[in-house]
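Reviewing the structure listed below.
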Amino acid sequence: MIKVTFRKDADDSIRKVIVEGHASYGDDGDDIVCSGISILTISILNGLEEIVGIEGILREVKAGYTAFWLPRVEDFVKNVQMTALMDTFELGVRATESAYGDYITVKDEIGGELDD
Numbered sequence: 001m002i003k004v005t006f007r008k009d010a011d012d013s014i015r016k017v018i019v020e021g022h023a024s025y026g027d028d029g030d031d032i033v034c035s036g037i038s039i040l041t042i043s044i045l046n047g048l049e050e051i052v053g054i055e056g057i058l059r060e061v062k063a064g065y066t067a068f069w070l071p072r073v074e075d076f077v078k079n080v081q082m083t084a085l086m087d088t089f090e091l092g093v094r095a096t097e098s099a100y101g102d103y104i105t106v107k108d109e110i111g112g113e114l115d116d
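Using full-length UniProt numbering, you'd call the opening residue of the sequence shown number 1 and step up by one each time.
Shown next as structure tokens:
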């Protein structure tokens, strides 16, 4: 099962995302749940860095595990854009959970400082 954790700060802003595990919905290469979450995760990171221009996103990636920490962004426009992209990412992940709840779980945690 894929487990996605959104760690949020006191303002309900996403500060850290952890994606771990395997969906086991289908064979390797045919697992649409795993593929969908992987594509969402790669796309959000690419969008934040390449489109919005967010620098300093920390990440840890290994087999079956991806975590990334979002920096505080002082630029108002970039912060709004980052928030919009992260809210869209969260919607996509939660929609996947709604459709394939036997293969993915999503939870929220409060506390998303960079050292967590």
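No residue lacks a Cβ here, since even glycine has one placed at the ideal position from N, Cα and C.
Around the beta carbon of residue 6, 16 or more other beta carbons sit within 10 angstroms, so the residue counts as buried.
Between residue 40 and residue 101 a beta carbon distance of about 16 Å is seen, past the 8 Å cut, so the two are scored as non-contacting. The DSSP-derived three-state label of residue 59 is strand. The stretch 36–55 makes contact with the stretch 76–88; the number of CB pairs closer than 8 Å reaches 3 or more. According to the DSSP assignment, residue 87 belongs to the alpha helix (DSSP H) that extends over 76–99. Assigned with DSSP and collapsed to three states, residue 19 falls in strand. Looking at the DSSP output, residue 65 shares a beta bridge with 20 and 62. Here residue 111 is exposed. Its C-beta has fewer than 16 other C-beta atoms within 10 Å. Annotation: the continuous alpha helix (DSSP H) that includes residue 32 extends over 32–46.
Non-local beta-carbon contacts of residue 32 in its own chain, meaning distances under 7 Å to residues more than five positions away in sequence, involve 25 and 26 in chain order.
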